[in-house]
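Step one of this worksheet: look at the structure below.
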Amino acid sequence: MLDKTFDPKTAEPRIYQRWESSGGFAPIDDPAAEPFCIVIPPPNVTGSLHVGHALNNTLQDVLIRFERMRGKAALWLPGTDHAGIATQMVVERQLAEQGNVGRRELGREAFVEKVWAWKAQSGGTIVRQLRRLGASCDWSHERFTLDEGLSAAVRKVFVTLHKQGLIYRDKRLVNWDPELQTAISDLEVEQREVDGHFWNLAYPLADGPVNGIGEIVVATTRPETMLGDTAVAVHPGDERYKALVGKLVAHPITGRRIPIIADDYADPEKGSGAVKITPAHDFNDFKVGQRHGLALINILDDRARILARPEHWRRDGDGAYEREAAAEVTPLGLGGVDRFQARAAIVAEIERLELLRGIEKTRHVVPHGDRSGVVVEPFLTDQWYVDAKTLAQPAIKAVEQGDTVFIPKNWEKTYFEWLRNIEPWCISRQLWWGHRIPAWYGPDGEIFVEETEEAARQAAGGVALRQDEDVLDTWFSSALWPFSTLGWPGETADLKRFYPTSILVTGFDIIFFWVARMMMMGLHFMDEVPFRRVFINALVRDERGKKMSKSKGNVVDPLEMVEELGADALRFTLTAMSGQGRNIALSQQRVEGYRNFGTKLWNAARFCQLNECRRAEGFDPGAVQLTLNRWIRGEAARTAREATQALEACGFDDAAAAVYRFVRNVFCDWYLELAKPVLNGADEAAKAETRATAAWVLDVALKLLHPICPFITEELWVQLADFGAPREPMLMTARWPQPPDAYIDAEAGAEMDWLIELVSEVRSIRSEMNVPPGARLPMTVSAADETTRQRLARYGELARTLARLSGVEAADAPGKGAAPFVVGGATYALQVSDFVDLAAERVRLGKEIGALASDIDRTAKKLGNPDFVARAPEEVVEENRERLAEAEAAKAKLEAALQRLQTVG
RNA sequence: GGGCGGCUAGCUCAGCUGGUCAGAGCGUCUGGUUUACACCCAGAAGGUCGGGGGUUCGAACCCCUCGCCGCCCACCA
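Quick note, my numbering runs 61 ahead of the 1-based positions in the first sequence.
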């Protein structure tokens, strides 16, 4: 016998153990089976499971379990990401907390060893948590972005792209994070709005006033960058400054003579119309500098402190840079001073020189590093770039053609927008944790890009080489994930079988970071999209629509919920709430509700067990006789169809709602209740059929629920293994139900609907009339049509039980002190005379009649409109006619009843 | 500045290609020892579908407009 309740805390880990040791997570070894593959969005190896992971992985597991049960060779390929910057930062922080020497003092090798140690120590956490959630990943396929195979793939891709000219080294401005002291990509820059100032600075003309103009005023929010100014620009059409173009100004601080140039970039509408040009510290100015052949003066070191000796660079016609001997020494003793202190010092100096022409407060957006949170500097360095523009073209085309489809589709717009405006991707990072760039430098700075040091040495003719110090952006290896994890560059059976993968499930926040780049790399190296569909799941947020984050303290810990209420309950909640394109606000109450649902299911199974509802050998649901059983078999078929279609279309919430409703509101609320009299009755044949049907329906329900709440369903499946005819030993690998549509029996459906309506109507009146629950009431039927008479003959007994009636008698009209109501083709009257408050009853009838009257009114008006009758489809018109007739009949009956009540009263 | 999404019962949300679409869950209220389940059962209340205009025989659903809210991209004169 089943226990009273299911205890997820002890049962779930036990069940998971059984699944895992069964080998059932691996794809079935049947060459004929259709492959279905999902690669997991690899979480940070040292991370832990948050609600977003819980949602994302629940949905993947639902799909994998669904397809596995449908007989496909389902592979859910798990793994983790080394997460370069994030992990390195964690370990650095840890070193600091423990009072150890820092990364640089420790040295590269020792530091990387520390990171591996940290990975060994905490790397298992998230994987354990995924298991706790019930994720049916094939752990034998687990990969890590820094493992040997994936590292080989990274080297191969890098070298190949380099040889194809799609990866190159370039000196240009990058987003530089002075805290982490590394370049970061555009995507890792976060624009934050902050308070700031416009400082209006006067630059005196170097050779005296022109046309009476002695100075030119520029505005800046970053006065310290003026140390790197190499021009002042005005708009070519700006009459005010026309005469000044070509003249020189004297740099207020350094005295350097710099030209006034004409360039469209200067906006006459903004400020004074003149703008200082600092090519080495501003992306726009960089372009202006290129157009005008300006020198670039780098004034910052890699921690964004002012250089004592600025670096002067000049670009020749081939785009090569040449360092000019720096004549200048940074004035005012600013060498080595922090950028913000320098800013204050410069402003003070300008003020002292009486060249400050005003300060305005402003709010403006300033780029910050998304990891470090500090202000990012445009910084002139040598970095490796991917020619993303070229790789993007096939990626755009593939989605345009529908080779890969986004769900919901509108995310394609976001995808296109980014790819069509893509910039070169800076992939080198000045970090130590990651894939070291496979490039070596010869004594004269020649570059050799090869997969191994040995190959590079050979290419170099055997001279001593020095490997590039930098590592690759984490997302570089992530971009290869769909094929590198399947064994590429080896020509493995997995790769052949499972690439392209079936679907990617991820959040919209990494469409650029990850999805687009996987598309680019997948198409380039595999000549085929990496996945057929991309499902963008909702983002879990707090109640204010804010992203959950540790710093805000609004984080819900999914594992706490799992511990308290079970993984099934959390999974059901997330699945049911996963409506597309929406945010999910997780509430404890909601999860409790689904925990309760699990208990409900458990008890339904217990009921079946108590009533000897064993699976019958050779049972054919298509052959059942009883209306009740024909009805529930049809409802089960309909639900199976709904759930299947919903899951095929990633309608997770629809699937969850369909099976929930079926189990709770159909099977438990009505079928089992209606079955009770049969099960307790004397008709042995009916009893046997009902028992077999109930057992069959329960199994169907367990199967349909399994992808969403795998634990409790598996437990019931196993505990009922010996309860009747044998079936598959494990639910996880049992076959998904596909009851034929022929099981749907319209006649049985109509009769049960009628019975349900009749019982509900009686219950409603009893409640409204405050009839004591225990009281059995007589009911009369009048003006019953043939159908009703037949149905009453068949189900009167059932109705009596469920509605707690003492009897159902035919009568000419509702009797005195009776509460009338209309269902189908008859008027019923519940004898509530002992309890009824006549006034209340009049009110009730009045309300009913009123509702019918307004419905009649609306419908009649519609039908009275010649345009409606003429233009609306015939079936819609007919539907309205029927509706009107029914409402009018019902209203007439109730009015007659009310009339009688009046005279009695 | 460009773009996207949202605004439907107290709360969180379903409502696909316009015609039973005004719904669900939770919460609230009322009443319940019907032998599967109080993690339960039965019943009820509650919304002029953000405002305005338009198209249509007919609009929560299409168009325009306004108003909030959120997000993404760009932007340090």
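Glycine included, C-beta positions come from ideal geometry on N, C-alpha and C. Bear in mind the structure is a predicted one, so any value in this text is a computation, not a measurement.
Among the bridge pairs identified by DSSP, residue 448 is matched with none.
Bounds of any beta strand (DSSP E) do not take in residue 673, whose DSSP letter is neither H nor E. DSSP places residue 348 inside the alpha helix (DSSP H), whose first and last residues are 344 to 353. The residue from 789, 742, 277 with its alpha-carbon nearest to that of residue 305 is 277. Nearest to residue 628 by C-alpha distance, out of 194, 695, 168, 184, is 194.
The beta carbon of residue 867 lies closer than 7 angstroms to those of 837, 838, 839 in the same chain, with the five residues before and after it left out. Within the same chain, 367, 403, 406 come within 7 angstroms of residue 395 by CB-CB distance, once the 5 residues on both sides are set aside.
Listed as beta-bridge partners of residue 840 by DSSP are 869, 891. Counted as a single uninterrupted DSSP element, the beta strand (DSSP E) harbouring residue 563 occupies residues 562 to 568. Within the same chain, Cβ atoms closer than 6 angstroms to the Cβ of residue 444 are found at 235, 244, 487, 489, the five residues on either side in sequence being excluded.
Residue nearest to residue 93 within the set 668, 133, 222 is 133 (criterion: CA-CA distance). Here residue 370 is exposed, its C-beta having fewer than 16 other C-beta atoms within 10 Å.
Here residue 141 is not near residue 117, since their CB atoms are 8 angstroms or more apart. Each of 843, 847, 938 was checked against the Cα of residue 869, and the nearest Cα belongs to 843. In its chain, beyond the 5 residues on either side, 501, 503, 507, 509 have a beta carbon closer than 8 angstroms to the beta carbon of residue 521. The beta-carbon separation of residue 682 and residue 774, rounded to 20 angstroms, does not stay under the 8 angstroms limit for a contact. Secondary structure within the region 330 to 410: the alpha helix (DSSP H) runs of 4 or more consecutive residues, fully enclosed, are 344 to 353 (chain order). One thing to note: residue 574 has its Cβ no nearer than 8 angstroms to the Cβ of residue 218. Relative to residue 239, the option among 511, 859, 430 whose CA is nearest is 430.
Comparing alpha carbon positions, the residue from 878, 777, 874, 917 closest to residue 62 is 777. For residue 939 and residue 99, the gap between their C-alpha atoms comes out near 49 angstroms. When C-alpha distances from residue 457 are compared across 448, 473, 227, the shortest belongs to 473. A Cβ-Cβ contact shorter than 8 angstroms links residue 359 with residue 441.
Relative to the Cα of residue 956, the nearest Cα in the group 833, 763, 905, 943 belongs to 905. Contact check for residue 590 and residue 464: beta-carbon distance about 5 angstroms, within the 8 angstroms limit, so the pair qualifies. DSSP places residue 241 in the coil class of the three-state scheme, outside both helix and strand.
Taken through DSSP and simplified to helix, strand or coil, residue 260 comes out as strand. Residue range 417 to 430 is occupied by the beta strand (DSSP E) that includes residue 422. In the DSSP annotation of this structure, the continuous segment of the alpha helix (DSSP H) that includes residue 118 starts and ends at 112 to 130. With 16 or more other CB atoms across the displayed protein chains lying within 10 angstroms of its CB, residue 281 is buried.
Assigned with DSSP and collapsed to three states, residue 489 falls in strand. Residue 901 is not a Cβ neighbour of residue 890, given a cutoff of 8 angstroms.
With respect to residue 143, residue 207 sits close: the two C-beta atoms are nearer than 8 angstroms. If you check the CB distance, residue 757 and residue 103 do not come in under 8 angstroms.
With fewer than 16 other Cβ atoms from the protein chains shown falling within 10 Å of its own Cβ, residue 423 counts as exposed.
Under the DSSP assignment, residue 881 falls in the beta strand (DSSP E) whose first and last residues are 879 to 884.
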